[in-house]
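Asks: From first to last, the protein sequence lines are chains A and B. Number 398 in the working numbering belongs to position 348 of the first sequence; there are no gaps in the numbering. Number 150 in the working numbering belongs to position 144 of the second sequence; there are no gaps in the numbering. Where is the CB? At the ideal position from N, CA and C, for every residue including glycine. If you're wondering where the values come from, they're calculated on a predicted model, not measured in any experiment.
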Amino acid sequence: MFENILEKENKKVILLGNEAIVRGALEAGVQFVSTYPGTPASEIGNSFYQIQNSKDEIKGLYFEFSVNEKVAMEAAGGASFCGLRSLVAMKNFGLNVASDFLLPLVYSGVKGGMVILSADDPSCHSSAQSEENTRAFAALAHIPILEPSTPQECKDFVKFAFDLSEKFEIPIMVRETTRVAHQSAPVKLSVISDQLSKKGKFVKDHKKFVTMPPRVLEMHQELLEKIEKIREFSENSKINSIFGNPTSSKLGIITSGVSYLYVKEALKELNLDIPVLKLGFFNPLPEEKIKKFIGPSAGGLIKVLIVEELEPYLENEVNKLAKEVNCDLRVIGKDSVPEVGELKPEIVIQVIAEFTGKKYKIQDTKYKIHGAKRHPQLCPGCPYWFVFNGVKKAAKDMDVIFGGDIGCYMLAGFSPHNIQDYLYCMGSSIGIAHGIKKAAPPAGGQKLITFIGDSTFFHSGIPALINTVFNKSNPLIIIMNNSTTAMTGHQPHPSAPAEPDGIEIENIVKACGVKNLKTIDPAKQKEFIQTVQKFLKKDEVSIIIARHPCIFLKKKK
Amino acid sequence: MEKSLEQFNIVIVGTGGQGLITLLQILAEAALIEGYDIRTSELHGLSQRGGSVEVHIRFGKEIYSPLVAQGGADLILALEIQESLKGVYFANENTTFLINKFFIPILGEKLLNEEEILKELKKISKNHVLIPAADICEKELGSNVVAGVYLLSYASFKKIIPLKPNSILKAIQKIVPKKHYDLNKKTFELAKKYEKN
Ligand SMILES: Cc1ncc(C[n+]2csc(CCOP(=O)(O)OP(=O)(O)O)c2C)c(N)n1
Ligand code: SF4
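(1) If you follow the beta strand (DSSP E) that Leu567(A) is part of, which residue opens it and which one closes it?
(2) Going by DSSP in three states, Glu48(B) sits in which element: helix, strand or coil?
(3) I need the boundaries of the beta strand (DSSP E) containing Ser136(A), first residue and last residue.
(4) Going by the beta-carbon positions, is the gap between Gly56(B) and Gly23(B) smaller than 8 angstroms?
(5) Reducing DSSP to helix, strand and coil, say where Gly114(B) ends up.
(6) Look up Thr534(A) in the DSSP assignment and say whether it is helix, strand or coil.
(7) Spatial neighbours of Ser199(A) within its chain, please: CB distance less than 7 angstroms, with the 5 preceding and 5 following residues excluded, ordered by chain position.
(8) So Ala235(A) and Gln202(A) are supposed to be a Cβ contact under 8 angstroms. How far apart are they, rounded?
(9) In chain order, which beta strand (DSSP E) runs of at least 3 residues are fully inside the region 209-255 of chain A?
(10) Since Ala316(A) contacts Val398(A) with CB under 8 angstroms, what's their CB separation in whole angstroms?
(11) Do Leu498(A) and Cys562(A) count as a contact pair if the criterion is CB distance below 8 angstroms?
(12) Name the residue from Glu556(A), Glu577(A) and Phe508(A) whose alpha carbon lies nearest to the alpha carbon of Ile595(A).
(13) Does at least one heavy atom of ligand 1 sit under 7 angstroms from the Cβ of Gly144(A)?
(14) Residues of chain B with CB closer than 7 angstroms to the CB of Lys314(A), please, in chain order.
(15) Can you list, in chain order, the residues of its chain whose CB lies under 7 angstroms from that of Leu531(A), leaving out five sequence neighbours each side?
(16) Under 8 angstroms by Cβ, that's how I've got Gly469(A) and Phe438(A) pegged, so tell me the actual separation to the nearest angstrom.
(17) Please confirm whether Glu144(B) and Leu196(B) have their CB atoms less than 8 angstroms apart.
(18) With 8 angstroms as the limit, tell me which residues of the region 84-116 of chain A have their beta carbon closer than that to any beta carbon of chain B; keep them in chain order.
(19) How would you label Ala188(A), buried or exposed, when you count the other beta carbons within 10 angstroms and need 16 or more for buried?
(20) Could you check whether the Cβ of Asn439(A) sits closer than 7 angstroms to any heavy atom belonging to ligand 2?
(21) Using CA atoms only, rank isn't needed, just tell me which of Gly162(A), Leu155(A) and Ser116(A) is closest to Ser136(A).
(22) Assuming Glu577(A) is part of the alpha helix (DSSP H), what are its boundary residues?
(23) Relative to the C-alpha of Ile181(B), which candidate in Val17(B), Ile27(B), Leu157(B) and Thr21(B) has its C-alpha closest?
(24) Should Lys394(A) be flagged as near chain B, meaning a C-beta pair shorter than 8 angstroms?
(25) Since Arg380(A) is in the beta strand (DSSP E), which residue starts that stretch and which ends it?
(26) Which residues, in chain order, sit with a beta-carbon under 6 angstroms away from any heavy atom of ligand 2?
(27) Determine the closest residue to Leu327(A) out of Glu358(A), Lys276(A) and Asn321(A), with distance taken between C-alpha atoms.
(28) If I measure Cβ to Cβ from Val266(A) and keep anything under 7 angstroms in the same chain, skipping five residues before and after, which residues do I get?
(29) Decide if the region 37-46 of chain B is in contact with the region 365-377 of chain A; the criterion is three or more beta carbon pairs, one per stretch, under 8 angstroms apart.
(30) Within a Cβ cutoff of 7 angstroms, which residues of the same chain sit near Lys209(A), ignoring the five residues on either side of it in sequence?
(31) Let me check you understand the geometry: is the CB of Ser505(A) closer than 7 angstroms to at least one non-hydrogen atom of ligand 1?
(32) When burial is assigned at 16 or more other CB atoms within 10 Å of the CB, is Ile18(B) buried or exposed?
(33) Short check: CB of Leu196(A) to CB of Phe207(A), under 8 angstroms?
(34) Interface residues of chain A around Glu60(B) at Cβ under 8 angstroms?
(35) Please name the residues in the region 169-202 of chain A whose beta-carbon is closer than 7 angstroms to at least one beta-carbon of chain B, in chain order.
(36) I need the DSSP call for Glu57(A), collapsed to helix, strand or coil.
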């Protein structure tokens, strides 16, 4: 719970993985924190926001909800260039948005320690879109990646990451998954740093901060060399460690993150003693340590099992290393560990039982019974009920395509609404709408209405809107102006009422050159329906700003 | 401090908005007071808006996985009777089902009635305790939002959960916001009274 984050040192308190990340950053003396919310990373920003707005406010610590992840990472980068320790947190998809900055940032490196927190969501418990595995950025961006298993490690790894980042002048990524981020457990606390009086100063150094050719190629070379140095460091780091006696067995297991916990649980349950190499570094991998673990010096493993969620990144690396030291080694991974969906203790125990030839009775599931499915629903009293009902009435006898975007309003896709014909990523509803309207024949053809949340509009809807105006197509865009980022826990955004210097959506839309614009409270159904019908006939893009606060905002008042 | 307990695994099922995470926090805090190792797993986000939610807590001497394994629950605490069926995946023949006798309808779905649900649960385990916690709390305290805390307290008085009532009360005091503490304490005492009946 939140209060525990600020507890005194040496105490043992229960923390959520994400809260432990916050504590770790505070112990490391973080001075600049930015984020754009996204589950399962949201509690990190929420906790800093709460600290900032509480009596426990920490002097010398700056926090912001940025407009999107790219801007958040750029801002954290800027602070680090000035020598401050900075943290930027996001969910996996956010890293895609920020990746254009990420690659040159890793080239140039940083000054103050900089930690990038990314949270993956295998099984998509709280994500639409994809089961993205951000480990892929190790290969794409060369960024060092640490993978904690428990809240204690979340705290300790973040602190370690700040030191590592400063030592090697490179941003470090800490990768969580849902079952780490939303796992709670006792955590032993250390001292919160009080060294926050440092003032940032940007010292000009174009060799470091300007990524133009030909210098950028040198930077690429320097980066590769830096990674090899970090690899040496990784070889000797305690966060990659072997549990059990490596010479005692012809079998071994390599794993990391939450999978390690399932492995330990399974070994206990099966009463097995097999050596386990737990990797805290996913990148750069301690190759010598792995070779030693799988090679002849360990008594010659016959089989090694790689327990990892999603894609076989680790398995592929171990396969390469095995060719160097132990050609006969059988590397078992995705042929027995599922690649889709998160792992669970019952899956890992079966995999290990099979791997070791142990008999294990699987829980009988013959009494699998079906309760009725309970989908998530819009809250009673949610303004979106008015929008969806109104739109359905207005478009009753027309051929209308309904575009979806990311937020509470994607419940349009469930009953009783059932009006969502496509759904991809934040901000995409407008870009796709433009393409569809260009492709579909104009006269008498299909109409298109697309929904986009206000936070999503600020995040990535604006460039797409400008494109729609500039390249001339005519979707009807309904901006769901509930004055909050509801789905991820009601964080503020630039036009939220809590923001005194807020930015009016109308002004942006007008400045983009949109002529058909109306702001309506969708509770006024008649006016809303008439406007939808009128705007569907227009030849240019139209926008309705459906303004009615989320019920959670009313409660707060 | 008795530490002989190897492990105790609880899955709490219910619907978004029923306060499952608060219950999890109370349990975790109480287990910490008794010196156990603890792991919980919760879910946030989309699943919260009235959908089915399931959270896990395990405590004991040495705990690794934050998730209870299939068939591995000692206790399934259901805050809504339909949702108890979702707990079946984690049950075995010794599992106790502690169920709030409380229905939340699902739009456009025909639901099993109490008798049908119990019949299904009995195929797995004979141990179920059905308690009209929401009604009791509504009648005696004028609010059913504390039904979960009622069940938790009841379970500890009845030794369904191996945590002392006193630890639960201390945990409630720590976790529940000050302004709600009185109501929750009354709930705890109400559970004590009913446990004796
Ligand atoms: C790139 C990216 N960042 C963050 C998220 C997480 N996310 C999902 S919904 C949402 C909030 C959208 O808020 P808004 O558009 O205002 O809609 P509301 O939930 O208020 O209806 C966010 C941030 C995401 N899916 N993708
Ligand atoms: S949280 Fe707000 S926006 Fe989301 S469904 Fe509930 S009322 Fe609607």
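Replies: Taking the coordinates as given:
(1) Asn566 to Ile570
(2) coil
(3) Ser136 to Lys141
(4) yes
(5) If DSSP states are grouped into helix, strand and coil, Gly114(B) belongs with coil.
(6) coil
(7) Val230, Gly307, Val308, Tyr310 and Leu311
(8) 7 angstroms
(9) 222-227 and 233-238
(10) 5 angstroms
(11) no
(12) Glu556(A)
(13) yes
(14) Tyr70
(15) According to the sequence provided, residue 531(A) is Asn. The question's Leu does not apply to it. Same-chain partners within the cutoff: Asp504, Ile555, Ile595, Ala596 and Arg597.
(16) The residue you asked about is not Gly; residue 469(A) is Ile in the sequence shown. The beta-carbon distance between Ile469(A) and Phe438(A), rounded to whole angstroms, is 6 angstroms. This is short enough to meet the 8 angstroms contact definition.
(17) no
(18) Thr89, Pro90, Ser92 and Glu93
(19) Looking at its Cβ environment, which holds 16 or more other Cβ atoms inside 10 Å, Ala188(A) is buried.
(20) With a threshold of 7 angstroms, the Cβ atom of Asn439(A) does not count as near ligand 2, since no heavy atom of the ligand is closer than that.
(21) Residue Gly162(A) is the option with its Cα nearest to Ser136(A).
(22) Gln575 to Leu586
(23) For Ile181(B), the nearest C-alpha among the options comes from Ile27(B).
(24) yes
(25) Arg380 to Ile382
(26) Leu428(A), Cys429(A), Cys432(A), Tyr434(A), Cys458(A), Asn532(A), Ala536(A), Cys600(A), Ile601(A), Phe602(A) and Arg55(B)
(27) Cα-wise, what sits closest to Leu327(A) is Glu358(A).
(28) Tyr157
(29) No, the region 37-46 of chain B does not touch the region 365-377 of chain A.
(30) Gly74, Glu77 and Ala78
(31) Relative to ligand 1, Ser505(A) has its C-beta within less than 7 angstroms of a heavy atom.
(32) buried
(33) yes
(34) Residues of chain A passing the Cβ test: none, with the nearest at roughly 11 angstroms.
(35) His175 and Ser176
(36) coil
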